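Every letter in the sequence shown is one number past the one before it in the working numbering, and letter 208, counting from 1, is 208.
From the three backbone atoms N, C-alpha and C, an ideal C-beta is built for every residue, glycine too.
Just so we're clear, the structure is a prediction, and the values are computed from it rather than from any experiment.
What follows is a single structure, written as structure tokens, with notes after it.
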Amino acid sequence: MPFYNCHIHVFSAQCAPKKFLQVGLPGWLDWAAGGIKGALETRAGRTFMGLFSKIRNPRLKVLSRYGSFASIGTNSSQQMVFENVLRYYPAGTRFVALTLNMDHMGAGPSELKYQGQIDQVIRLRRLYPDVLLPFLCVDPRMGTMEELTSFVKKYIGRHELPDGTSTTKPFVGIKLYPSLGFFPYDIRLSGVYEYCEEHDIPIMTHCTPSGAFFLGKITPMMCMPECIPGSNPLPPTQFSGKNNDVDCDNFLLPSNWDCVLAKHPNLKVCLAHMGGTSEMWPEKSDGLRANWHEEVKRLISSHPNVYTDISYTLSDEKADYRTWKAIETLLNDNLYSHRILFGTDYFMTEQEDAEENLAQKFVNWLLQRKQTVAIKKLTEDNPSSYLRSSFYQP
1 MPFYNCHIHV FSAQCAPKKF LQVGLPGWLD WAAGGIKGAL ETRAGRTFMG
51 LFSKIRNPRL KVLSRYGSFA SIGTNSSQQM VFENVLRYYP AGTRFVALTL
101 NMDHMGAGPS ELKYQGQIDQ VIRLRRLYPD VLLPFLCVDP RMGTMEELTS
151 FVKKYIGRHE LPDGTSTTKP FVGIKLYPSL GFFPYDIRLS GVYEYCEEHD
201 IPIMTHCTPS GAFFLGKITP MMCMPECIPG SNPLPPTQFS GKNNDVDCDN
251 FLLPSNWDCV LAKHPNLKVC LAHMGGTSEM WPEKSDGLRA NWHEEVKRLI
301 SSHPNVYTDI SYTLSDEKAD YRTWKAIETL LNDNLYSHRI LFGTDYFMTE
351 QEDAEENLAQ KFVNWLLQRK QTVAIKKLTE DNPSSYLRSS FYQP
């Protein structure tokens, strides 16, 4: 059975909107986001960041990691980004590559727009049909319920050929990123959920109070969408209107999935990142809201097809291995052990550690602890179960 990395990204700077860097810049530098992005995308900028990433001075370690992240992201094509990660894994490894629709995040236009990103990924899958397993990003602001469902069916399913045979369409799953400005219980997603449930198509959703978020003005319509019957949407008063980074966590809350799963109980969903490393320790909680990590565990224990992954989380290597030990504990608990997937979140994690390290260190640590069964579940068995659908057979 092949080794799976169930969570990577291959989008390049061409795919990101002009003001995308506002997500990571301090507020007083928002005005410069477009200029900084443009400078990094030049040949000189890419060369500089590539050289900067090779600095080995311990005092500049953080800057070196950012240099590595930027040098990968500013590659001119998704093929270059993907072929970079292939270097760190044995032949035959399979990768779930998550596309990201950034057209509606209030950050301006991108060079490719989302359709251009999709077209590049389709060409890339033709080059690596058994290795690259792309997920199609869906945003309810792309159209009506009927238009979204048609969009998904265009790229996920089987294509009937004139000779009576059929071929599989290029995408194998769905990616959602709610903090870009929508709730997962938006009624426009209902048809997508029905199609996924009918064909066992996997969904991956971002689920940690960090990462990208909506950069425009959050409107009342965004706060109170027409929703799946029986849901209990958050009132607009929970949105401060002052800090989108914090406000957009409301779109991401794990509990937002309760009403979706009540309507679609057999839906196969992975709540990525285990809710976030910052949520894995109760002492880090402010006590004002539910702990996201515990909420993810609750959803796994309550629903037969809810998964999580260790992407980005596995980069949190502390001296006492607290995070890794917490993952190990879940891998040895029958309640959760079959629902945890291996993933690194390449190339987002280049800010923390190089992919060549992340691909090996955690697995080697488990090997040292004689956790061979847990490794097999994490990297082979669980991914095969999660990815299997009417249109993809591992």
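Does the pairing of the region 310 to 322 with the region 340 to 348 give three or more beta-carbon distances under 8 Å? yes
Report back the beta-carbon spacing between Val96 and Phe135 to the nearest angstrom; my notes put them in contact at under 8 Å. 6 Å
Check the DSSP bridge columns for Asn5 and list the partner residues they point to. Phe95
Short of 6 Å in beta carbon distance, which residues of its chain neighbour Met1, apart from the five on each side in sequence? Order them along the chain. Glu380
Span of the alpha helix (DSSP H), counted from its first residue to its last, around Leu86: Gln78 to Leu86
With distances taken Cα to Cα, identify the nearest neighbour of Phe342 among Lys361, Asp186 and Pro170. Lys361
Suppose you measure from the CA of Glu160 to the CA of Phe3; what does that come to, to the nearest Å? 31 Å
Taking 7 Å as the cut-off, is the CB of Thr219 close to at least one heavy atom of the ligand COA? Looking for the ligand COA in the displayed structure turns up nothing, as the structure carries no ligands at all.
Euclidean distance between Cα positions of Leu330 and Thr165: 44 Å
Contained alpha helix (DSSP H) runs [length at least 4] in the region 169 to 239, N- to C-terminal order: 190 to 199 and 220 to 223
Could you pull the DSSP bridge partners for Ile340 from this structure? Thr308
So which of Gly181, Phe239, Thr219 and Tyr195 has the shortest CA-CA distance to Ala212? Gly181
Whole angstroms are fine: how far does the CA of Ser255 sit from the CA of Leu215? 23 Å
Quick check: the Cα distance between Asn243 and Pro209, rounded to an integer number of angstroms? 13 Å
Check whether the region 324 to 340 and the region 80 to 91 are in contact - that is, three or more C-beta pairs closer than 8 Å. no
Provide the residue span of the beta strand (DSSP E) that contains Arg322, from first to last. No beta strand (DSSP E) holds Arg322; the alpha helix (DSSP H) holding it covers Arg322 to Leu331.
Taking the straight line between their C-alpha atoms, what separation do you get for Pro90 and Cys227? 44 Å
Could you say which of Asp200, Leu252 and Thr167 lies nearest to Tyr185 if we only look at CA atoms? Leu252
For Val269, which beta-bridge partners are listed by DSSP? Ile203 and Val306
Using a Cβ-Cβ cutoff of less than 8 Å, which residues in the same chain neighbour Ser384 once the five nearest sequence positions on both sides are dropped? Met1, Tyr4 and Pro394
Identity of the residue in Ser240, Asn291, Ser302 and Lys154 nearest Cys259 by Cα: Ser302
Do you know how far the Cα of Asn357 is from the Cα of Met145? 42 Å
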